[in-house]
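Trainee:
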Amino acid sequence: MKILAVDDDPDFMGVFTTVLEGLGYSDLATASSGQEALELISRSVSGFDCIILDVQMPGMDGIELCRQIRANESYKDTPIIMNTAVADRDYIDAAFAAGATDYLTKPVDEMEVKARLGVIEKLVTERLRAQIALSHPGIEAYSGPSYGFLDGIPLKRVEGAVDLFSMGNYLKTLGLFRALTVSAIGIRVVNARSIHDLEGGHVFGEVMIDVATCISDCLKPSHRMIAYAGGGIFVCLMPRSEICDPEGLADRLREYILEFEEVYGELGIQLPTISVGVPITVRAAQINSPTRIIDEAIAAVKARDVYAASMA
């Protein structure tokens, strides 16, 4: 795995690169500023598989650098880890909003670095296999990627969207008590299976992106994070203080989705029908495993169609 590490502190960089090389990550490039990092990225022929950024740097900070890297189409899915001594909630929120995949805090904990990069390496391998599969001659590439019903779907065009892996990392990064300030809501496209089977994997992916856009717009101006969990299910994180009524949210989503009615009708595509689950919060007994609220939000919306908002 080819790694780019960016940090303006030469002492820390020396320690960090020693740790990385000791863990077997010898294919390593370093930069001491955001501009130097962007130049390395632009010159690299094979590209980088993982990028580790210091958050607080003079000039262009790590959050802005992350945002600029994500704007590069070749790096829209590349794992980006933010590395800093600051564990402030605002920095964490800004980092993930800019497109960070994970977050490490200084000083270096070799075992934590090993664990995080081990997961990242598996993620890189899985994405490489997916890219190879999509490039197979038997798959139609002209119209865009075709997704299986349970596949993850990138929501790169959707404000506030991350992948499910990054959402879990965000919750872990919040720490034990800050996680108590977050709530999770599951949203399900009830007729997702029918849309997928009738319209095919490419159209299904576009419909799910449309739904994600409606969710994002509907939840403004709240600070929200949206991830697609597969099978027509979305998970949204938002401040616990802004917990919304599921029935009201379903009704508002119906209004947003109805804006697609004419276009979908002309194309002969079913209009999505939405179900919203009850909000899930981290309880004191779960404080050591805050990511469980993601699974619970998914389970809640699967089991609860009381708040279905029919589009028929």
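So the sequence shown is numbered by my numbering: it starts at 147 and just counts up by one. Each residue gets a CB set at the ideal place from its N, CA and C atoms; glycine is no exception.
(1) Which whole-angstrom value describes the C-beta separation of Met354 and Ile299, a residue pair presumed to lie in contact below a C-beta threshold of 8 Å?
(2) When you compare the CB positions of Ala375 and Leu301, do they come within less than 7 Å of one another, or not?
(3) On the DSSP letters alone, give me the boundaries of the beta strand (DSSP E) that Asp323 sits inside.
(4) Using three-state DSSP, classify Arg273 as helix, strand or coil.
(5) Are the CB atoms of Phe295 and Ile126 within a distance shorter than 7 Å?
(6) Quick check on Phe194: does DSSP put it in helix, strand or coil?
(7) Which of helix, strand or coil does DSSP assign to Cys360?
(8) So the candidates are Glu210, Phe350, Ile198, Tyr316; which of them puts its Cα closest to the Cα of Val328?
(9) Taking Cβ to Cβ, would you say Met228 is nearer than 7 Å to Val201?
(10) Would you identify the three-state DSSP class for Ala241, choosing helix, strand or coil?
(11) Just curious, the alpha helix (DSSP H) that Phe158 is in, first and last residue?
(12) Tell me, to the nearest whole angstrom, how far the beta carbon of Val424 is from that of Ala446; I am working on the premise that it is less than 8 Å.
(13) What is the C-beta distance between Asp239 and His369, in whole angstroms, given that I count them as a contact (C-beta under 8 Å)?
(14) Counting Cβ pairs, one atom from each stretch, are 3 or more of them under 8 Å apart for the stretch 160–171 and the stretch 208–215?
(15) For Cys360, which residues in the same chain have their Cβ closer than 7 Å to its Cβ, ignoring the five residues on either side in sequence?
(16) On a CA-only basis, which of Gly160, Pro418, Phe350 is nearest Pro291? Give me that one, please.
(17) Short of 7 Å in beta carbon distance, which residues of its chain neighbour Ile444, apart from the five on each side in sequence? Order them along the chain.
(18) Run through DSSP, which three-state label would Ile285 get?
(19) To which residues of the same chain is Ser387 closer than 8 Å at the C-beta, ignoring the five residues directly before and after it?
(20) Rounded to whole angstroms, what's the CA-CA distance from Ile372 to Asp356? Just pull it up for me.
(21) Taking DSSP's pairing of strands, which residues face Met384 in a bridge?
(22) Given this structure, state the Cα-to-Cα distance separating Thr164 from Asp153, to the nearest angstrom.
(23) State yes or no: is the C-beta of Ile209 within less than 7 Å of the C-beta of Ala244?
(24) Which residue wins for smallest C-alpha separation from Ala246, given the options Asn218, Ile187, Ser312?
(25) Measuring straight from C-alpha to C-alpha, what distance separates Glu185 and Ile149?
(26) Measure the beta-carbon distance from Asn337 to Thr419 and round it to whole angstroms, keeping in mind my assumption that it falls under 8 Å.
(27) Going by DSSP, what residue range makes up the beta strand (DSSP E) through Ile299?
(28) What's the gap between the Cα of Thr251 and the Cα of Ala330?
(29) Rounded to the nearest angstrom, what separates Ile285 and Met159 at their Cα positions?
(30) Span of the alpha helix (DSSP H) holding Gly394?
(31) Indicate the three-state DSSP secondary structure (helix, strand or coil) for Ile226 in the structure shown.
(32) On the CB-based measure, 16 or more other CB atoms within 10 Å of its CB, does Leu204 come out buried or exposed?
(33) Please go through the same chain and pick out, in chain order, the residues whose beta-carbon is closer than 7 Å to the beta-carbon of Leu417, but skip the five residues on each side of it.
Mentor: For this structure:
(1) So it is a contact: roughly 5 Å between Cβ atoms.
(2) no
(3) Strictly speaking, residue 323 in this sequence is Phe, with Asp absent from that position. Looking at the DSSP string, Phe323 is not in any beta strand (DSSP E), and its letter there is neither H nor E.
(4) helix
(5) A question about residue 126 goes unanswered here, because the residues of the chain that appear run from 147 up to 458.
(6) Here Phe194 sits in coil by DSSP.
(7) helix
(8) Tyr316
(9) yes
(10) The answer is helix: DSSP assigns Ala241 an H, G or I state.
(11) Boundaries of the alpha helix (DSSP H) harbouring Phe158: 156–168, taken from the DSSP string.
(12) 5 Å
(13) 7 Å
(14) With a cut-off of 8 Å, the stretch 208–215 and the stretch 160–171 do not count as touching, because too few Cβ pairs lie within range.
(15) Leu399, Tyr402, Ile403
(16) Phe350
(17) For Ile444, where only same-chain residues beyond five positions count, the Cβ hits under 7 Å are Gly332, Ala375, Ile379, Val381.
(18) Per-residue confidence for Ile285 stands at a pLDDT of 40, beneath the threshold of 50, marking its modelled position as unreliable; no derived number is given.
(19) Thr327
(20) 13 Å
(21) Ser329
(22) 14 Å
(23) yes
(24) Ser312
(25) Using only the alpha carbons, I get a separation of about 15 Å.
(26) 5 Å
(27) Where Ile299 is concerned, there is no enclosing beta strand (DSSP E), given that its DSSP letter is neither H nor E.
(28) 25 Å
(29) Residue placement at Ile285 is poorly supported in this model, since its pLDDT is 40, which falls under 50; the coordinates are not used for a value here.
(30) Element bounds for Gly394: 392–403.
(31) strand
(32) Sequence inspection shows Pro at residue 204; the Leu mentioned does not correspond to that position. Its Cβ having fewer than 16 others within 10 Å, Pro204 is exposed.
(33) Taken in chain order, the residues that qualify are Ile403, Phe406, Glu407, Tyr410, Met457.
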